[in-house]
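Below is one structure, written out as structure tokens, with a few remarks after it.
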Amino acid sequence: MSMDKTFDARAVEPRIIALWESASAFAMGANAREGAEPFSILLPPPNVTGSLHMGHAFNHTLMDILARWRRMQGYDVLWQPGLDHAGIATQMVVERELAKAGEPDRREMGREAFVRRVWEWKAESGGTILEQCKRLGDSFDLSRNAFTMSGAPGAPEGEEGNFHDAVLRAFVTLYERGLIFRGKRLVNWDPHFETAISDLEVEQVEEKGNLWRLRYPLENGETYEHPVEWDEEGRPTRFETRDYLTVATTRPETMLGDTGVAVHPDDPRYRHLVGKTVRLPLVNRSLPIVADEHADPEKGTGAVKITPAHDFNDWEVGSRAGLRAINVMDTRARITLEGNDDFLDGAEPTPEAMALHGLDRYVARERIIAVAREEGWLDGIDEEIHTVPHGDRSKVAIEPFLTDQWFVDAKTLAGPALEAVRTGRTRILPEQHEKTYFHWLENIEPWCISRQLWWGHQIPVWYGEYVGRGGVVPHSTRGPAPDETGVFQEHGRWVKAFCGPDAETVREDAENWYRARLGHRVIVRFEGESEDEAGAYPEERGTSFVTLTRDPDVLDTWFSSGIWPIGTLGWPEDTPELRRYYPTSVLVTGFDILFFWVARMMMMQLELVGEVPFRDVYIHALVRDEKGKKMSKSLGNVLDPIELIDEYGADAVRFTLASMAAMGRDLKLSRDRIAGYRNFGTKLWNAARFAEMNGCHPDPAFDPARVTLTANRWIIGETGRLRETLDEALAGYRFNDAAGALYAHVWGKVCDWYVELAKPLFADEAKAPETRATMAWVLDQCLVMLHPFMPFVTEALWGQHDRARLLVHADWPTYGADLVDAEADAEMGWVIALIDEIRSVRAQMGVPAGARITLLTLDLSEAQQAALAANRAFVERLARIERMEAAAEAPKGAVTLTVRGATLCLPIADVIDIEAERARLAKAIARLEKEAKGLRGKLGNEAFIARAPEDVVDEARARLEATEEEMAILRAAEARLADL
RNA sequence: GGGUGAUUAGCUCAGUGGUAGAGCGCUUCGUUCACAUCGAAGAUGUCGGGAGUUCGAAUCUCUCAUCACCCA
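Written out as structure tokens, the structure is:
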């Protein structure tokens, strides 16, 4: 069988994938040794709508390297894969599809039908990314594939699983512990998707905008003196009398909801106005002027209108000052005035104001400005750049919006999550990210977890009519809220919330609660359920019915992925997997989801099972394009990993990513680099091809410790060193160091030197057998150690010989520097240095590459003489030396070279270029002189001798000696040159 | 405005106190029987500026400049 000159990745990769698959090579516990320690990693679940991008490729490569490495070491490995249902993203995709197909939109179809439709979409198109992962070589256990919506109502066959139960259980547990609450608060509202989103899903975008100044007339005929001119010390010198207060705003349309005007308590211009009122134009609502430090005297006019229902800062000011919050928009951010009791209460809106009803917020803005200009209360307009919050999915401006939502008490949960990292129960690497983690958790706000969507886990809360203690039903919500948990205002009534993991539990709870309150039996029905379904008829006197309505909202996707560690292992059941693989060994992820996901997993797992979800968190950088730009579809600079795999092979892509994975820095990916590592694969392939052509076959009985030839012992020692370097690098997540060590060994040691050294050895009958066996072993070790990085080409090469097992399950070596033979190491080191030096001189002297020349030895130590004699064949072949002779002194016109104290020369008078040689010597001497000067200075410094460690001083002395010796030889050569 | 990080060869980047490195690119030479997706040789650096600590600083401290990202 003869091998091609290159590895045909495209043809071979699918075959290898099939091979692994049919061997269930990646199954949980595959290749685990008896009594093995577990090693578990969670795949950060990609969105079900996603396709593999460079970030995934990077992330997965790192995880796969760890998984394959540990699996070969015999650990009990579980790499758990799965998909995220991605609420907004998925709903968006399916809605877009409906629109494209001209089908009824989701509102027309209804919730149940729509959700069914999403499941259908998932069955067809969801999870293509997992197929793409296989191309990359991901060795996760697909037989355990998880999905964050598995087991949810409406899930089709094949989508069973515990995840929905786990999510609801998590919610109920937190609810019962008082860590989830419902409240009317200002939230980030996405008017496009018509749902609340969390702080993290908001992007701040810088925009050019205006600062409008509006005049709000003072009421009750009030006037004041407003300073208009100042002296040099900033004292006002001239005033004008005003009967209005000028406020500045970037959002004039929100004025409809203004309930106050704030000024700074120390602002001399306005502080005397505090307690007075202004009349809101258009609306004719009376607004109190309040003092609040939020009003910045430096900004705008120093007086700021307060709209608590449409601005987070204003909400705070309003709370402090006791101002009303008036919502003037609907869920699509259209102005809503008609029938808006809050708005109309205490207002006498003009017809112009009422005409704004139903208009988009931006249209209303224009209209209001036009009216203000017309009516003379527009004071002026300044251009300004300000940041505007946008939805990260919809890209539309977020509207702060007053609604009832569910929140997680993140502050309480953050405590243990902070503690776990502070005490080192979980390590975050690189450490710099710990700071970010701490900072965020220390300043965390309640996490809004309810979403007004349909695709997701519906909140397991049902509402029924509230009954007070003693069986009294309050008539209205005007009075104070009942002093009980789980009682909320809903459509102007008090309702009692019942939370439970399933409907029957809730029904029972509710029936007991109502019975206790009303003193008679109560039968609970769920909305939409018939009396039959309710399962009972009134049997006793006084029995009544209560209808419970389920909260229509679903949970934030990140709430469910927040329990990914335990959910994928079977929680809330106490499964063997949970006991064995939890906590997981390491989480590998990008810093962009440190808050979204990592911190929340820490909080939720610690609360739910009291143990950290992972021992280590390895945060890697982002993949950018060659110019350092973040890859994005809109910029069109996206490198598609699948395309790159098609072109260069998965191994090349993986090795590139691993090489660039230095901690903490973004990596810029270029095709050149990938091509370079594709070439590295070819290099390895051809080394194997060389071995194949020379009859090197792996021998299971080969014992590297019993090899006798120096060159063989040398490369075996190098192999031992590599194993140590590699394991150390991988244990510290220094993937680039690991990749670099492999590259340097395989290319720089094995291919550049050992293969060349082997050639003359193969020609020698006495030396060939040991060398063949060593070559086979050395290359096998390369395959084993490269496998986690380049699984395809290594598995393919491994399969060239009969093997007991696949490479993916081969034993990872445990030998180390014990294989290094110091003598062989020194000897080969000197021989290689000699060859390097001769080559260098030849090239610089212009000796034709093909010419064979003579090497004269002048001054060699005994060991060097022995080394030269023993390795004569190597020197002759690799330095193209024809003859070697000893000489007492250098002949005229010979070129002198020094190699670690040895002096040799090349008598090449016929080809020598005297000027070139003079230049070469001068340059070498100058370099040595510079070094010697530095060393002399150091050694002449008494403080250095006195304070530097002894070994450093000794080393400097030795180096100076060697440098001076070499310089002397070269000076002598320079002098001889003068004779020519 | 606050925070974090970066600044090293033409480019992209390693390098945690003791002789400045890699890959790519570039120049010259070479198709010797593993590989031209190759081999050999070579050039290229006041390690962003300044100050300090130290026997010794690319590395530690301060400061300035520039850039990037995150948060408000």
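When you line the first sequence up against this note's numbering, it's residues 50 to 1029, in that order. Glycine included, C-beta positions come from ideal geometry on N, C-alpha and C. Note that the structure is predicted; figures quoted are calculated from it, not measured.
For histidine 488, the three-state secondary structure derived from DSSP is helix. When secondary structure is reduced to three states using DSSP, histidine 321 falls in the helix class.
Alanine 943 and leucine 1009 have their alpha carbons spaced roughly 27 Å apart. The continuous beta strand (DSSP E) containing glycine 429 extends over residues 427-440.
A Cβ-Cβ contact shorter than 8 Å links serine 247 with aspartate 605. With contacts defined by Cβ atoms closer than 8 Å, threonine 945 and isoleucine 1018 form a contacting pair.
In the three-state scheme derived from DSSP, where H, G and I count as helix and E and B as strand, valine 327 is classed as strand. Following the DSSP letters along the chain, one finds lysine 972 inside the alpha helix (DSSP H) bounded by residues 963-989. Burial state of glutamate 289 is exposed, judged by a 10 Å Cβ sphere holding fewer than 16 other Cβ atoms. Inter-segment contact for the region 616-633 and the region 770-778 is absent: fewer than three beta-carbon pairs are separated by less than 8 Å. Closest in alpha carbon position to glycine 464, among Glu656, Ala780 and Asp689, is Glu656.
Comparing alpha-carbon positions, the option among Gln893, Pro897 and Thr947 lying closest to leucine 905 turns out to be Thr947. Judged by pairs of C-beta atoms under 8 Å, the region 122-142 touches the region 88-101, as three or more such pairs exist. Per the DSSP secondary-structure output, serine 499 pairs in a beta bridge with Leu604. The beta strand (DSSP E) runs lying completely inside the region 640-671 and spanning 3 residues or more are 663-669, given in chain order.
The beta-carbon separation of leucine 718 and leucine 688, rounded to 6 Å, stays under the 8 Å limit for a contact. Three or more beta-carbon pairs separated by less than 8 Å link the region 880-887 to the region 907-927, which places the two stretches in contact. At a Cβ-Cβ threshold of 8 Å, serine 174 and aspartate 113 do not count as neighbours. Per DSSP, arginine 1025 has no beta bridge partner at all.
The closest CA to that of histidine 669, considering only Glu660, Val661, Glu805 and Leu706, is found on Leu706. Annotated three-state conformation of aspartate 752 is coil, per DSSP. Annotation for cysteine 800: no alpha helix (DSSP H) segment contains it, and DSSP assigns it neither H nor E.
With a minimum length of 4 residues, the unbroken runs of alpha helix (DSSP H) contained wholly in the region 685-740 fall at 690-697 and 699-708. Pairing glutamate 169 with phenylalanine 242, the inter-Cα distance amounts to about 22 Å. Look at the beta carbons and you see the region 368-379 touching the region 306-313: at least three pairs across the two are nearer than 8 Å. Contact annotation: the region 147-164 does not touch the region 631-649, with fewer than three C-beta pairs closer than 8 Å. Close CB contacts of leucine 217 within its chain, under the 8 Å cut and outside five residues either way in sequence, are with His506, Pro509, Pro550 and Asp551 (chain order). Sequence-distant partners of threonine 820 (beyond 5 residues in either direction) whose C-beta falls short of 7 Å from its own C-beta, in its chain, are Leu758, Asn761, Ala807, Leu810 and Phe811. The Cβ atoms of threonine 952 and leucine 1026 do not sit closer than 8 Å to each other. For tryptophan 261, no alpha helix (DSSP H) encloses it; the enclosing beta strand (DSSP E) starts and ends at 251-266.
Rounded to the nearest whole angstrom, the CA to CA distance from arginine 566 to threonine 472 is 48 Å.
In the three-state scheme derived from DSSP, where H, G and I count as helix and E and B as strand, cysteine 745 is classed as coil.
Within the same chain, Cβ atoms closer than 6 Å to the Cβ of cysteine 831 are found at Val795, the five residues on either side in sequence being excluded. Glycine 349 and leucine 393 have their C-alpha atoms roughly 29 Å apart. Classified as buried, aspartate 360 has 16 or more neighbouring CB atoms from the shown chains inside 10 Å of its CB.
Per DSSP, alanine 951 is one residue of the beta strand (DSSP E) stretching across 951-956.
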